[in-house]
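What follows is a short report on a single structure.
Residue numbers (the UniProt record's numbering): 1 to 332.
Next up, the structure:
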């Protein structure tokens, strides 16, 4: 027969509710009583039921992570630090994937979550609106939506682009192209704005003919770069919306027989671990995405447990990391 909290209560000489409070480290229970309850639980081999805890506290201590773009390698690198942060606060991370906004919102609400971290939100997404209307707390990670304000951890791309553009101009690049992310994402928009602003401030136009947009994936980077390299006057440098697109750009250059960086220089964004591998040595714009994931977890727990009046918007600054894929353009 399974040991219950009532068995622990009898051995410890306390009531069953006191056992529950003691094992939750409730400050209303004295340290002496907590120790007696814990000792009794260990002696009997009692393991508290998560379901029972949820019923007594009104919380499941489960946080959802919504990633609708699961194939994007970026998100594989943020799950572990987010999991560790939530686990340290006593919460479990539950991964959710979906594509249709309406079914996503209903599924998140129906899954008994205490909160949701939205990682791949588009600017016009109705998911935040539906979650807000149903009273389910959420935090934006990396991308935000226009319809609803909420706690958020985001990237501030301007500083990294300014340094990268200065370095590119110093090397002699003037015809600069870009393979940018989707225009219906806040990250796609903010990175494009930052790049255009950095170039314009230095008198360099970003011409429409050498700009492409697409999903933040390798295939989009490959296809767009192949188009740019086939132009009569191709750019000597391509800025990519993220590292994953830059991987595709490198593939396209190799396929076209273009030398990187002699014929074409390539700069990514994110500084994912493969960017520093000797086989790639990708120049890229970097920020602390691990800490950004941990901060999203912290904000989520704070929103659930403390319900602060104001929303927190935490920005992570960028820097430029120069590696092998950037050099002076080949003289023609």
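Built from N, CA and C at the ideal position, the CB exists for glycine as well.
Decide yes or no for the touch test of the segment 206-213 against the segment 64-81: beta carbon pairs closer than 8 Å, at least 3 of them. no
Looking at the unbroken beta strand (DSSP E) that takes in residue 285, where does it start and where does it end? 283-286
Quick check on residue 186: does DSSP put it in helix, strand or coil? helix
Can you list, in chain order, the residues of its chain with a C-beta nearer than 8 Å to that of residue 114? Leave out the 5 residues immediately preceding and following it. 59, 60, 61, 62, 63, 91, 137, 304
Is it the case that the Cβ atoms of residue 366 and residue 285 are separated by a distance below 8 Å? Within the shown structure, residues of the chain are numbered from 1 to 332, placing residue 366 beyond reach of any answer.
Name, in chain order, the residues that DSSP records as bridge partners for residue 265. 237
In this structure, what does DSSP give as the bridge partners for residue 317? 156
Give every residue of the same chain whose Cβ lies closer than 8 Å to the Cβ of residue 202, excluding the five residues on either side of it in the sequence, and list them in chain order. 165, 166, 169
Tell me, which residues are paired with residue 92 by DSSP? 62
If you reduce the DSSP assignment to three classes, tell me which class residue 69 lands in. coil
What does the alpha-carbon distance come out to for the pair residue 22 and residue 35? 8 Å
Would DSSP call residue 330 helix, strand or coil? coil
What number of angstroms, rounded off, separates the C-alpha of residue 312 from the C-alpha of residue 291? 15 Å
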